[in-house]
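S.K.:
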Amino acid sequence: MIRFFENYSLKSHNTFRVDAKAKYFFEFTEAEDLDEFLSSNESWKEERLIVLGEGSNVLFLDDFDGLVIHPKVPGITSVYEDRHNEWLEVGAGEVWDEFVQHAVTYQLGGAENLSLIPGMVGAAPVQNIGAYGQEVCTLIEKVKGYDLEKRCLDEYSGNACNFEYRNSIFKNYLKNKFIITSVIFKLDKFPEFNLKYGQLEEKVKEKGAINLHTVRQSVIEIRNSKLPDVKELGSAGSFFKNPIVDDSVTKKLRSQFVGIPVYPGADGKSKLAAGWLIEQCGWKGKREGDVGVHDQQALVIVNYGNASGQEIYDFSEKIKQSVFEKFGVELEREVNCI
Ligand code: EPU
Numbered sequence: 332m333i334r335f336f337e338n339y340s341l342k343s344h345n346t347f348r349v350d351a352k353a354k355y356f357f358e359f360t361e362a363e364d365l366d367e368f369l370s371s372n373e374s375w376k377e378e379r380l381i382v383l384g385e386g387s388n389v390l391f392l393d394d395f396d397g398l399v400i401h402p403k404v405p406g407i408t409s410v411y412e413d414r415h416n417e418w419l420e421v422g423a424g425e426v427w428d429e430f431v432q433h434a435v436t437y438q439l440g441g442a443e444n445l446s447l448i449p450g451m452v453g454a455a456p457v458q459n460i461g462a463y464g465q466e467v468c469t470l471i472e473k474v475k476g477y478d479l480e481k482r483c484l485d486e487y488s489g490n491a492c493n494f495e496y497r498n499s500i501f502k503n504y505l506k507n508k509f510i511i512t513s514v515i516f517k518l519d520k521f522p523e524f525n526l527k528y529g530q531l532e533e534k535v536k537e538k539g540a541i542n543l544h545t546v547r548q549s550v551i552e553i554r555n556s557k558l559p560d561v562k563e564l565g566s567a568g569s570f571f572k573n574p575i576v577d578d579s580v581t582k583k584l585r586s587q588f589v590g591i592p593v594y595p596g597a598d599g600k601s602k603l604a605a606g607w608l609i610e611q612c613g614w615k616g617k618r619e620g621d622v623g624v625h626d627q628q629a630l631v632i633v634n635y636g637n638a639s640g641q642e643i644y645d646f647s648e649k650i651k652q653s654v655f656e657k658f659g660v661e662l663e664r665e666v667n668c669i
């Protein structure tokens with residue numbers, strides 16, 4: 332099924348609830364429909380184009396003068412299994428958390444720590460979503476989609492996706508050139524739980540048993556206590572990435588700021604907690620008009636009402652600036668500004 336609109340409001344298609352308009356909006360449920368649509372009119376080659384899932388990681392600064400493509404490919408299908416694993420192909424238009432619920436219901440492990448992350452399955456590989464010590468790249472066997480330059484269906488193995496922390500080939504080399512239509516995940520029939528992050532283990536133990544259901548439930552409770560529900564309050568989860576800095580920078584910061592959280596990494600680099608840096612600058616819970624910093628998690632910027640994309644962006648610039656002034660650390664946006 333396809334749907335096509337002109338001058339279409341994107342307010343219900345971005346979790347910041349910014350009222351931007353798209354010149355053209357195209358929605359499809361089958362990969363083949365996309366090929367037919369794009370081949371039907373040569374002028375699509377001239378238009379600016381973006382792919383939009385649930386819009387849980389974008390900020391529209393203005394109306395979008397081009398074509399928005401919204402993949403709604405449905406379905407969760409088992410494509411292969413052996414003694415230890417089962418491979419599920421999931422349509423790009425499935426809601427991410429419903430897929431996690433499905434995996435947990437069928438006793439398949441791997442995705443449970445990623446419970447309640449907003450967005451659709453097609454967006455998960457793009458920014459390599461992650462939470463509670465797990466990144467989705469470890470589960471991805473293959474990403475299927477449509478190549479806009481070659482004008483054909485194509486696929487990438489997990490290895491070819493160049494996954495990094497909140498990054499992949501789809502955010503760089505293939506940005507707006509490849510439209511993801513489905514993802515094949517390899518899940519475990521005998522899951523090994525990863526409970527090392529923060530309070531997760533404690534929370535799971537309170538529930539008396541360690542299984543997929545209790546881990547999922549614990550992640551949901553922790554997230555609900557810290558992160559706003561995008562159905563109630565406009566936001567896009569973490570607005571900034573946790574900055575990765577040289578160990579020499581970390582050493583200097585540690586001597587100046589006692590208690591600064593640091594996650595040691597490889598290659599002489601470590602990760603800092605952007606939420607902590609922002610909170611130390613006094614932004615947590617601060618509000619200017621309809622824009623503010625969430626009062627439980629300083630990494631999250633919130634639209635309390637009718638803030639425009641530009642207002643949210645300007646507010647984020649002020650945060651960046653004050654973190655730079657205090658710590659000498661440059662924050663990078665995780666949210667995609669359009
Ligand atoms: N912290 C503060 N103040 C805050 C927030 C955090 O001091 O307002 C400190 C915490 O005390 C802790 C550290 O910063 O020492 C890390 O905090 P937290 O565990 O809440 O995680 P995070 O680094 O702020 C990341 C992801 C989240 C993910 C959580 C849990 C990024 C950019 N964010 O946040 O992902 O849910 O870890 O794994 O990597 C998202 O990407 O949208 C997202 C929500």
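Heads up, the sequence shown is in this note's numbering, so the first residue is 332 and it goes up one at a time. All C-beta atoms in this analysis are idealised placements derived from N, C-alpha and C, irrespective of residue type, glycine included.
1. Taking its Cβ as the centre, do 16 or more other Cβ atoms sit within 10 Å of P595, making it buried, or is it exposed?
2. Among V452, Q432, G565, Q652, whose alpha-carbon lies nearest the alpha-carbon of S446?
3. So is V589 buried or exposed if we call it buried at 16+ other beta carbons inside 10 Å?
4. With respect to the alpha helix (DSSP H) encompassing F368, which residues constitute its N-terminal and C-terminal limits?
5. Could you tell me if C483 is buried or exposed, where buried requires 16 or more neighbouring beta carbons within 10 angstroms of its beta carbon?
6. Count the other CB atoms, across all protein chains shown, that sit within 10 Å of the CB of Q587; report buried if there are 16 or more and exposed otherwise.
7. Pick helix, strand or coil for F570, following the three-state DSSP scheme.
8. Does K509 pass the burial test, meaning 16 or more other C-beta atoms within 10 Å, or should it be called exposed?
9. Can you tell me whether E385 is helix, strand or coil according to DSSP?
10. Is the number of C-beta pairs between the region 557-573 and the region 597-607 that are closer than 8 Å three or more?
11. Is it a yes or a no for the region 481-496 touching the region 402-416, going by three-plus beta-carbon pairs under 8 Å?
12. Can you have a look at N490 and say buried or exposed, based on whether 16 or more other CB atoms are within 10 angstroms of its CB?
13. Should Y411 be listed as close to ligand 1, given that the test is whether its C-beta is under 8 Å from any heavy atom?
14. Check each candidate in K615, A638, S409, E532 and name the one with the smallest Cα separation from A434.
M.R.: Quick answer:
1. Start at 1 with the first residue of the sequence shown, and residue 595 comes out as number 264. Burial call: exposed.
2. As a position in the sequence shown, residue 446 is number 115, starting the count at 1. Of the candidates V452, Q432, G565, Q652, the one whose C-alpha sits nearest the C-alpha of S446 is Q432.
3. As a working mapping, residue 589 is identified with position 258 in the sequence shown. Result: exposed.
4. For the purposes of this step, residue 368 is taken as residue 37 along the sequence shown, with counting starting at 1. Its alpha helix (DSSP H) spans residues 362-370.
5. As a working note, residue 483 is residue 152 in the sequence shown. Per the 10 Å Cβ criterion, exposed.
6. The residue labelled residue 587 in the question sits at position 256 within the sequence shown. Per the 10 Å Cβ criterion, exposed.
7. For the purposes of this step, residue 570 is taken as the residue at position 239 of the sequence shown. F570: coil per DSSP, three-state reduction.
8. Your numbering for residue 509 matches position 178 in the sequence shown. According to the sequence shown, residue 509 is Phe rather than Lys. The residue is buried, with at least 16 neighbouring Cβ atoms inside 10 Å.
9. Taking the sequence shown and counting its residues from 1, one reaches residue 385 at position 54. Here E385 sits in coil by DSSP.
10. yes
11. no
12. Taking the sequence shown and counting its residues from 1, the one referred to as residue 490 is at position 159. Flag for N490 reads exposed.
13. Position 80 of the sequence shown holds residue 411. Every heavy atom of ligand 1 is 8 Å or more from the Cβ of Y411, so no.
14. As a first step, residue 434 is located in the sequence shown; it is residue number 103 there, counting from the start. The option with the nearest alpha carbon to A434 is S409.
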